[in-house]
DNA sequence: ATCCTATATAGGAAATATCTTATATGCCTG
DNA sequence: CAGGCATATAAGATATTTCCTATATAGGAT
């Protein structure tokens, strides 16, 4: 396995902001935090920017930027449907990141 | 279990800086990255500020600040011996943090 | 006491992050 | 095509982070 240091930097920076961490917690379990959507399923498609904006109380451009940072880090994926953009936690990538972080921080196994 | 959100924010901010992440990787396995110390064992006591400063190529005050951020986040512990200060990865707290982060990011189990 | 070494603190400069308002783009409806 | 809605981009203000130099503190040796 190659040195995966740079692979965890972007997610760590993305997670270092408390607003983004809050959003990720919402996306982890969207039906508990958002009302049903007409044009896209909360779980299947993700949560639209407008819902996140309303709930977090920031301007819409600020939320867009936060979501792009999360997407660039690979922690969420986005899907455009009509003129909505739905963001969804990327379970696979989250697990990969968590594994890489453990690998980076935990004491190396003796051999 | 209480909401442990704020418990992971400080470590995440501490980890979001690449210099600090590099230092943590060194501290994870100090004997592979630093020469033996006269007045404190690399593994038992930790690594002194001077060694880290020399290796990372920043000013000593910058390193001191980085180490304080890591210590405030609970990721490292410090031990003063004579006029040295040794920093050491806190395995227990690192594991606690990793578990809390997984708890925060992973899909809640159905029940 | 004086000097040398190791680390911490103070102050401030420069870079980066966060956020807002204004505007652009793109899709849908009538 | 005109208008409305959802999101993205642009520009810039403010806040925070990162880093340096200068200085303080503290222990050990001469």
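Residue numbers (the UniProt record's numbering), protein chains in the order written: chain A, 1 to 111; chain B, 1 to 111.
Backbone N, C-alpha and C define an ideal beta-carbon position, used for all residues, glycine too.
Residue i: which of the options sits nearest, CA to CA?
{"i": "residue 59 of chain A", "options": "A/104, A/30, A/19", "result": "A/19"}
{"i": "residue 41 of chain A", "options": "A/100, A/14, A/84, A/101", "result": "A/84"}
{"i": "residue 101 of chain A", "options": "B/32, B/86, B/24", "result": "B/24"}
{"i": "residue 90 of chain A", "options": "A/47, A/103, A/61", "result": "A/47"}
{"i": "residue 34 of chain A", "options": "A/77, A/88, A/103", "result": "A/88"}
{"i": "residue 38 of chain A", "options": "A/56, A/6, A/86, A/17", "result": "A/86"}
{"i": "residue 55 of chain B", "options": "B/13, B/32, B/98", "result": "B/32"}
{"i": "residue 8 of chain A", "options": "B/78, B/36, B/17", "result": "B/17"}
{"i": "residue 43 of chain A", "options": "A/13, A/76, A/103", "result": "A/76"}
{"i": "residue 13 of chain B", "options": "B/71, B/103, B/57", "result": "B/71"}
May I ask you to list the residues that DSSP assigns as paired with residue i?
{"i": "residue 81 of chain A", "result": "A/84"}
{"i": "residue 89 of chain B", "result": "B/76"}
{"i": "residue 47 of chain A", "result": "A/87"}
Locate the alpha helix (DSSP H) running through residue i, then write down its first and last residues.
{"i": "residue 30 of chain A", "result": "30-33"}
For my contact list, residue i and residue j are in at a C-beta cut-off of 8 Å; report their separation, rounded to the angstrom.
{"i": "residue 81 of chain B", "j": "residue 29 of chain B", "result": "About 21 Å separates the two Cβ atoms, so there is no contact after all."}
{"i": "residue 15 of chain A", "j": "residue 21 of chain A", "result": "6 Å"}
{"i": "residue 11 of chain B", "j": "residue 73 of chain B", "result": "4 Å"}
Exercise for the section: Take every Cβ of the segment 87-106 of chain B, pair it with every Cβ of the segment 101-108 of chain A, and state whether three or more of those distances are shorter than 8 Å. Expected result: yes
Handout entry: Cβ contact check for the segment 46-57 of chain A and the segment 65-83 of chain B: 3 or more pairs under 8 Å
Key = no
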